[in-house]
Amino acid sequence: MSILFEAEYRGRRYAGAGVPESGRPHTLHAVEEGQLRAAFLAGGAEAALAAATSGGETVSVTPGDPGLRLLPPLLPTATGNALVNGFMGTHRSKFDRDPEPDEEFVAPNYYMKGFGSWLRVSDEPLTVPADPIWLIEEPEVVLVYVNGEDGTPHYAGYTFGNDLNDIGLHLKNPWAYTPYAKLCETSVLPWLFLDAPPQSVTGRVVVERDGAAVWEGPFSCGADSIFHRFEDMAEHLFSYPLLRQAGLVTYTFLGADKATYHDGFRIEDGDRMVLDVTSHGVVLANTVRYGTQTATAFSGSYLPPSSRPSVSRTASR
Numbered sequence: 013m014s015i016l017f018e019a020e021y022r023g024r025r026y027a028g029a030g031v032p033e034s035g036r037p038h039t040l041h042a043v044e045e046g047q048l049r050a051a052f053l054a055g056g057a058e059a060a061l062a063a064a065t066s067g068g069e070t071v072s073v074t075p076g077d078p079g080l081r082l083l084p085p086l087l088p089t090a091t092g093n094a095l096v097n098g099f100m101g102t103h104r105s106k107f108d109r110d111p112e113p114d115e116e117f118v119a120p121n122y123y124m125k126g127f128g129s130w131l132r133v134s135d136e137p138l139t140v141p142a143d144p145i146w147l148i149e150e151p152e153v154v155l156v157y158v159n160g161e162d163g164t165p166h167y168a169g170y171t172f173g174n175d176l177n178d179i180g181l182h183l184k185n186p187w188a189y190t191p192y193a194k195l196c197e198t199s200v201l202p203w204l205f206l207d208a209p210p211q212s213v214t215g216r217v218v219v220e221r222d223g224a225a226v227w228e229g230p231f232s233c234g235a236d237s238i239f240h241r242f243e244d245m246a247e248h249l250f251s252y253p254l255l256r257q258a259g260l261v262t263y264t265f266l267g268a269d270k271a272t273y274h275d276g277f278r279i280e281d282g283d284r285m286v287l288d289v290t291s292h293g294v295v296l297a298n299t300v301r302y303g304t305q306t307a308t309a310f311s312g313s314y315l316p317p318s319s320r321p322s323v324s325r326t327a328s329r
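So the sequence shown is residues 13 to 329, counted in this note's numbering.
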């Protein structure tokens with residue numbers, strides 16, 4: 013399978029193909045912001061791969077070089093025109109039956125996670141609210157779409173992500189608190205797989221605390237593990253005009269298996285979550301960091317209604 017990625021190195025943006033091997037130099041090609049997205053729109057995956065592996069200045073970089081920062085796939089860092097979103101309750105383990113082959117599509121619950129700038133990659137910490145109730149990791153397939161100038165969404169490929177969220181808060185009131193529960197930083201792998209969404213994805217989650225494994229368990233998240241059809245979810249999602257804005261890059265999480273929470277295990281501040289996607293030979297690992305409480309709820313220029321200066325309502329004559 014073909015894989016491409018982008019990175020920043022010593023102030024420049026580069027692209028490469030494949031997954032770099034630890035300890036071995038990997039050749040990167042200089043690219044401009046938006047160059048790979050434009051190539052996708054012009055000629056699909058083949059054109060984007062060509063843009064990432066030919067022309068321009070090249071450098072040879074070894075993984076782990078302190079000057080290298082891998083980027084979420086196709087992230088528009090200059091414009092910030094990207095959205096992270098997803099579907100909930102889609103995994104077959106959360107249903108009491110298998111879907112029928114010709115079953116009518118019923119859209120699952122949906123959420124907006126945040127902006128593309130909120131995405132993190134492997135080995136970067138994930139910040140969560142200061143007092144979460146019960147955090148849960150969620151290994152998921154992530155579909156990446158790039159909208160053309162006319163707003164038409166173009167499927168670019170897929171990667172894998174960790175939809176870290178506060179399931180404890182969600183369960184207190186799924187209808188009211190789920191948007192708050194999702195307000196945690198999210199990680200994705202930088203590797204963009206230039207293939208159709210995967211049928212089978214298997215792996216293992218390991219949670220480490222103080223350098224030792226304290227919980228581990230398997231997961232699956234391919235099409236064969238999801239109750240809904242990937243194409244139905246995508247078609248439904250992009251039926252909404254707001255998601256068809258020109259140039260928008262969309263990262264869509266497709267749902268997760270049961271994991272730590274369902275085993276009664278609590279992820280704590282400082283724990284390291286390791287998502288080993290063994291079927292694809294890639295690993296996503298991040299440390300959880302609890303955020304700090306704000307000193308006041310009304311900092312900066314915002315004032316609550318009772319504190320706002322009075323305004324004369326006398327009509328002008």
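All C-beta atoms, glycine included, are put in the ideal place defined by N, C-alpha and C.
Alpha helix (DSSP H) runs wholly inside the stretch 166 to 202, at least 4 long, in chain order: 179 to 184, 186 to 193
Asparagine 159 and alanine 63: beta carbons closer than 8 Å? Mapped onto the sequence shown, residue 159 falls at position 147. Mapped onto the sequence shown, residue 63 falls at position 51. No, the Cβ-Cβ distance between asparagine 159 and alanine 63 is not below 8 Å.
For the stretch 189 to 202 and the stretch 229 to 242, state whether three or more C-beta atom pairs, one from each stretch, are separated by less than 8 Å. no
Comparing alpha-carbon positions, which option in Phe99, Thr171, Ile179 lies nearest threonine 272? Here the question's residue 272 lines up with position 260 in the sequence shown. Taking only the C-alpha atoms, the option nearest threonine 272 is Ile179.
Glycine 23 vs threonine 39 beta-carbon contact at 8 Å: Your numbering for residue 23 matches position 11 in the sequence shown. Your numbering for residue 39 matches position 27 in the sequence shown. Between glycine 23 and threonine 39, the gap from beta carbon to beta carbon reaches 8 Å or more.
Which of helix, strand or coil DSSP assigns to tyrosine 314: Within the sequence shown, numbered from 1, the residue matching residue 314 stands at position 302. With a pLDDT of only 49 at tyrosine 314, under 50, the local geometry of the prediction cannot be trusted, and the value read off the model is given with reservation. Here tyrosine 314 sits in coil by DSSP.
Spatial distance of threonine 91 from aspartate 110 (CA atoms): The residue you call residue 91 lines up with position 79 of the sequence shown. The residue you call residue 110 lines up with position 98 of the sequence shown. Going by C-alpha positions, threonine 91 is about 42 Å away from aspartate 110.
Examine the Cβ distances between the stretch 259 to 271 and the stretch 147 to 154 and report whether three or more of them are shorter than 8 Å. yes
Cβ shell of glycine 30 (< 7 Å), same chain only, five flanking positions each side left out: In the sequence shown, the residue the question calls residue 30 occupies position 18. Ile15.
Considering only residues of the same chain and omitting the five flanking positions on each side of arginine 256, which have a CB-CB separation below 8 Å? Locating residue 256 in the sequence shown gives position 244, counting from the first residue. If we look at arginine 256 and ignore the five residues flanking it on each side, its Cβ neighbours are Asn159, Gly163, Thr164, Pro165, Phe250.
Is the stretch 291 to 301 touching the stretch 127 to 140 in the sense that three or more CB pairs, one from each, lie closer than 8 Å? yes
Could you name the residues of the same chain whose beta carbon sits closer than 8 Å to that of glutamate 228, not counting the 5 residues immediately before and after it, in chain order? Counted from its first residue, the sequence shown places residue 228 at position 216. The residues are Arg216, Val217, Val218, Val219.
Suppose contacts are defined by Cβ-Cβ distances below 8 Å. Is glycine 68 in contact with valine 96 by that definition? Counting from one through the sequence shown, the residue named residue 68 turns up at place 56. Counting from one through the sequence shown, the residue named residue 96 turns up at place 84. Taking 8 Å as the Cβ cut-off, glycine 68 and valine 96 do not qualify as a contacting pair.
What residues in its chain sit with their C-beta under 8 Å from that of tyrosine 122, if we drop five residues either side in the sequence? What you label residue 122 is simply residue 110 of the sequence shown in a count that begins at 1. Only Asn97, Gly98, Phe99, Met100, Leu249 meet the Cβ criterion.
Between the Cα of alanine 246 and those of Pro209, Asp236, Lys270, spot the shortest distance and give me the residue it belongs to. Against the sequence shown, residue 246 aligns to sequence position 234. The shortest Cα separation from alanine 246 among Pro209, Asp236, Lys270 belongs to Pro209.
Arginine 320 versus glycine 126: straight-line alpha-carbon distance, rounded: For the purposes of this step, residue 320 is taken as the residue at position 308 of the sequence shown. For the purposes of this step, residue 126 is taken as the residue at position 114 of the sequence shown. With a pLDDT of 45 at arginine 320, under the threshold of 50, the modelled position of this residue cannot be trusted, and the question is left open.
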